[in-house]
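Participant: This structure is in structure tokens; I'll ask about it shortly.
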Amino acid sequence: MKKNISILNGRLIDPANGVDRVTDIHIKKGRVLALGEPPRGFEAQPIDAGGLLVCPGLIDLCARLREPGAEHKATIASETAAAASGGITSLVCPPDTDPIIDTPAVAGQIRHKGKKAGFCRLFPQGAQTQGLEGHKLSEMAALRAAGCVAVSNGYRPLASNLVLRRALEYAATFDLLTCVRPEDPSLANQGCAHEGRVADRLGLPGIPDAAETVALATHLALAEQTGARIHFHTLSSARAARMLARAQYIRQPLSADVAIHQLFLSELDISGFDSNAHVRPPLRSDSDRDGLRQALADNVIGAICSDHQPHEADAKAAPFPDTEAGISGLETLLPLTLRLVQEGVLDLSSAIARLTSGPAEILGLPLGRLEPGATADICIFDPKAVRHLERDELLSQGHNTPFHGWELPGRVHYTLLAGRVVYTYQEARDATPPA
5 MKKNISILNG RLIDPANGVD RVTDIHIKKG RVLALGEPPR GFEAQPIDAG
55 GLLVCPGLID LCARLREPGA EHKATIASET AAAASGGITS LVCPPDTDPI
105 IDTPAVAGQI RHKGKKAGFC RLFPQGAQTQ GLEGHKLSEM AALRAAGCVA
155 VSNGYRPLAS NLVLRRALEY AATFDLLTCV RPEDPSLANQ GCAHEGRVAD
205 RLGLPGIPDA AETVALATHL ALAEQTGARI HFHTLSSARA ARMLARAQYI
255 RQPLSADVAI HQLFLSELDI SGFDSNAHVR PPLRSDSDRD GLRQALADNV
305 IGAICSDHQP HEADAKAAPF PDTEAGISGL ETLLPLTLRL VQEGVLDLSS
355 AIARLTSGPA EILGLPLGRL EPGATADICI FDPKAVRHLE RDELLSQGHN
405 TPFHGWELPG RVHYTLLAGR VVYTYQEARD ATPPA
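Right under this line is the structure:
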């Protein structure tokens with residue numbers, strides 16, 4: 005049975021409803037019952053949120069949990085627990101698991117394991133083509149019925165633009181979102197760093213920003229032709245953001261997110277061959293980083309994601325080009341976003357919107373808001389707390405982060421999923437053995 009809960013004295017920020025005030029939230033049967041005064045006779049377990057900030061649970065549009073198929077890197081249980089510790093209540097999982105999410109059975113298996121773990125909601129993406137091989141279209145309608153919120157081909161290219169057109173037409177028929185990582189494989193040419201001065205100096209094969217913009221232009225043209233809803237994952241270049249802004253201006257149904265690390269790091273961060281900064285798409289120039297920040301502030305980019313990719317230590321131990329790309333990012337998503345507020349990139353309400361109502365709107369889900377009747381997915385955190393990030397203290401099974409040693413703002417005190425407390429800072433601290 006779900007307990008009644010009253011969250012008292014917290015500063016509620018709910019960007020979807022334009023709310024920013026100190027108030028109480030009363031929860032019954034997993035939903036918000038009332039704000040402010042409780043209904044007469046309402047009895048509940050209190051949570052004192054005095055001095056803390058209360059917002060909708062965070063929604064992460066891209067997180068690889070490694071299960072099924074790569075449990076030596078991480079599991080659904082380990083990563084959803086890490087997500088809850090970061091205030092995240094909903095995760096979107098790309099289709100490139102093993103087996104690939106190209107059948108309702110695999111989608112159902114992932115959702116079942118997420119429910120069994122019990123820390124957050126899992127929303128799988130279905131494969132755009134069978135086996136992600138880029139030739140035959142998947143049964144998108146069946147994948148949608150099985151709970152897939154979108155289709156994607158992950159990092160894999162499609163065989164031709166004709167296949168892409170047919171895939172977009174199929175998705176548009178069912179008003180199914182298509183998620184795209186824009187990268188032209190021939191221009192990327194197996195590179196591992198941004199094509200520029202740093203890659204030249206280090207002798208690393210480069211990926212030009214044209215690899216992103218050429219692929220983006222193709223999808224923009226076909227989006228206009230087919231009427232498909234397209235979401236661009238993890239934009240990395242300022243030029244791509246400007247192209248997207250122009251397309252949005254003529255009211256094409258397009259959206260985008262940016263990985264949080266792209267807003268802080270640049271090609272300079274790989275100068276020491278730091279494999280923890282090896283990501284795909286690569287870290288680009290300082291001007292690209294600044295352009296992405298501006299696009300985020302202008303709401304051209306409507307969401308920030310973690311692009312979480314946990315790895316075992318050996319995956320980052322080879323020479324830079326041979327290491328596996330990706331950062332373990334679930335637990336730094338909120339703190340780094342709060343740092344954007346400190347640096348004046350976003351105001352606090354806009355920053356929270358990029359983690360809550362923005363992603364929910366992109367997915368078309370009734371989440372990311374806290375009015376009466378809404379699902380009580382809630383994050384309660386102290387925005388003034390400061391954490392010295394130690395990679396060995398991450399709850400994620402992957403400790404691969406370039407933010408080791410950074411001073412980051414924000415500490416989550418409680419995470420609630422449908423009115424059920426799934427994480428408390430006090431319990432986590434009590435469970436940590438002394439050094």
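Mapped onto the numbering used here, the consecutive letters of the sequence shown carry residue numbers 5 to 439.
Built from N, CA and C at the ideal position, the CB exists for glycine as well.
Which of the three DSSP states, helix, strand or coil, is assigned to leucine 350?
Facilitator: Note: leucine 350 maps to coil in three-state DSSP.
Participant: Assign serine 279 to one of two classes, buried (16 or more other C-beta atoms within 10 Å of its C-beta) or exposed (fewer than that).
Facilitator: Per the 10 Å Cβ criterion, buried.
Participant: For tryptophan 410, which of Gln134, Leu269, Cys309, Arg201 has the nearest alpha-carbon?
Facilitator: Looking at the Cα atoms, Leu269 is the closest of the given residues.
Participant: What is the residue span of the alpha helix (DSSP H) that glutamate 397 lies within?
Facilitator: It is not in any alpha helix (DSSP H) - glutamate 397 carries neither H nor E in the DSSP assignment.
Participant: Rounding to the nearest angstrom, what Cα-Cα distance links arginine 169 and leucine 350 in this structure?
Facilitator: About 37 Å.
Participant: Going by beta carbon distance, what residues of the same chain come within less than 7 Å of glycine 372, once the five residues before and after it are set aside?
Facilitator: Within the same chain, glycine 372 has close Cβ partners Ala20, Pro60, Ile63, Thr360, Ser361, Pro363, Ala364.
Participant: Going by CA-CA distance only, name the one from Leu369, Ala67, Leu16 that's closest to alanine 38.
Facilitator: Checked all of Leu369, Ala67, Leu16; the closest Cα to alanine 38 is Leu16.
Participant: Can you name the start and end residues of the alpha helix (DSSP H) that threonine 419 belongs to?
Facilitator: Looking at the DSSP string, threonine 419 is not in any alpha helix (DSSP H); the run it does join, the beta strand (DSSP E), is 411-421.
Participant: What's the call for alanine 86, buried or exposed, on a 16-neighbour Cβ count within 10 Å?
Facilitator: It is buried - the Cβ of alanine 86 has at least 16 other Cβ atoms within 10 Å.
Participant: Taking all protein chains shown into account, do 16 or more other C-beta atoms lie within 10 angstroms of the C-beta of lysine 320, making it buried, or fewer, making it exposed?
Facilitator: The residue in question, lysine 320, is buried, as its Cβ has 16 or more Cβ neighbours within 10 Å.
Participant: Run through the stretch 212-256 for me and flag every whole beta strand (DSSP E) of 3 or more residues, listed as ranges in chain order.
Facilitator: For the stretch 212-256, whole beta strand (DSSP E) runs of length 3 or above, ordered along the chain, are 234-236.
Participant: Going by the DSSP bridge assignment, what does proline 98 pair with across the sheet?
Facilitator: In the DSSP output, where bridge partners are listed per residue, proline 98 has none listed.
Participant: Below 9 Å between beta carbons: does that hold for leucine 172 and isoleucine 234?
Facilitator: Result yes, Cβ atoms of leucine 172 and isoleucine 234 sit closer than 9 Å.
Participant: Got a sec, what are the start and stop residues for the alpha helix (DSSP H) glutamine 430 sits in?
Facilitator: Its alpha helix (DSSP H) spans residues 429-435.
Participant: DSSP beta-bridge partners for phenylalanine 385?
Facilitator: Bridge partners of phenylalanine 385: Leu57, Val416.
Participant: Excluding sequence positions up to five away, which residues of its chain have a Cβ less than 8 Å from the Cβ of leucine 226?
Facilitator: Hits under 8 Å: Asn165, Leu168, Arg169, Leu172, Ala232.
Participant: For threonine 133 and alanine 329, I'd like the C-alpha separation in whole angstroms.
Facilitator: Looking at the two C-alpha atoms, the distance is approximately 23 Å.
Participant: Evaluate the contact criterion for the stretch 198-207 versus the stretch 134-154: three or more CB pairs, one atom per stretch, below 8 Å.
Facilitator: In short, these stretches do not touch, since the Cβ pair count stays below three.
Participant: Can you name the start and end residues of the beta strand (DSSP E) that threonine 133 belongs to?
Facilitator: Run containing threonine 133: none; DSSP gives neither H nor E here.
Participant: Counting Cβ pairs, one atom from each stretch, are 3 or more of them under 8 Å apart for the stretch 70-88 and the stretch 33-47?
Facilitator: Touching, no, given that fewer than three Cβ pairs across the two stretches are closer than 8 Å.
Participant: Could you pull the DSSP bridge partners for lysine 32 from this structure?
Facilitator: DSSP lists Arg35 as partners of lysine 32.
Participant: How would you call lysine 119, buried or exposed, if buried means at least 16 neighbouring beta carbons within 10 angstroms?
Facilitator: So lysine 119 counts as exposed.
Participant: Might you give, ordered along the chain, the residues of its own chain that have their beta carbon closer than 6 Å to the beta carbon of arginine 358, omitting 5 neighbours on each side?
Facilitator: The residues are Ala307, Ile308.
Participant: Under the DSSP definition of a beta bridge, which residues are partnered with leucine 16?
Facilitator: According to DSSP, leucine 16 bridges with Arg25, Val58.
Participant: Tell me whether the beta-carbon of valine 155 lies closer than 9 Å to the beta-carbon of alanine 176.
Facilitator: Cβ atoms of valine 155 and alanine 176: not closer than 9 Å.
Participant: For serine 156, list the residues DSSP reports as bridge partners.
Facilitator: DSSP, once it has assigned bridges, lists Ala131, Cys183 as partnering serine 156.
Participant: Which residue wins for smallest C-alpha separation from threonine 107, given the options Pro128, Ala121, Ala88?
Facilitator: It is Pro128.
Participant: I'd like the span of the alpha helix (DSSP H) that includes asparagine 299, first residue to last.
Facilitator: First, the residue type needs correcting, since residue 299 is alanine and not asparagine in the sequence shown. Run containing alanine 299: 290-301, per the alpha helix (DSSP H) assignment.
Participant: Please state if the CB of valine 416 and the CB of glycine 90 are separated by a distance shorter than 9 Å.
Facilitator: Result yes, Cβ atoms of glycine 90 and valine 416 sit closer than 9 Å.
Participant: Just to confirm, is the Cβ distance from serine 259 to leucine 296 under 9 Å?
Facilitator: Not closer than 9 Å, so no.
Participant: What would DSSP say about leucine 162, mapped onto helix, strand or coil?
Facilitator: The answer is coil: DSSP assigns leucine 162 none of H, G, I, E or B.
Participant: Taking only three categories from DSSP, how would you classify alanine 85?
Facilitator: Alanine 85 falls in the helix class under three-state DSSP.
Participant: Measure the CB-CB distance between serine 82 and serine 400 and report whether it falls below 9 Å.
Facilitator: Going by C-beta atoms, serine 82 is nearer than 9 Å to serine 400.
Participant: If you reduce the DSSP assignment to three classes, tell me which class aspartate 311 lands in.
Facilitator: The answer is coil: DSSP assigns aspartate 311 none of H, G, I, E or B.
Participant: Where does glutamine 49 sit, in a helix, a strand or coil, going by DSSP?
Facilitator: Correct three-state label for glutamine 49: strand.
Participant: Aspartate 261 and histidine 237 - do their beta-carbons sit closer together than 9 Å?
Facilitator: Yes, the pair counts as a contact, with Cβ atoms nearer than the cut-off.
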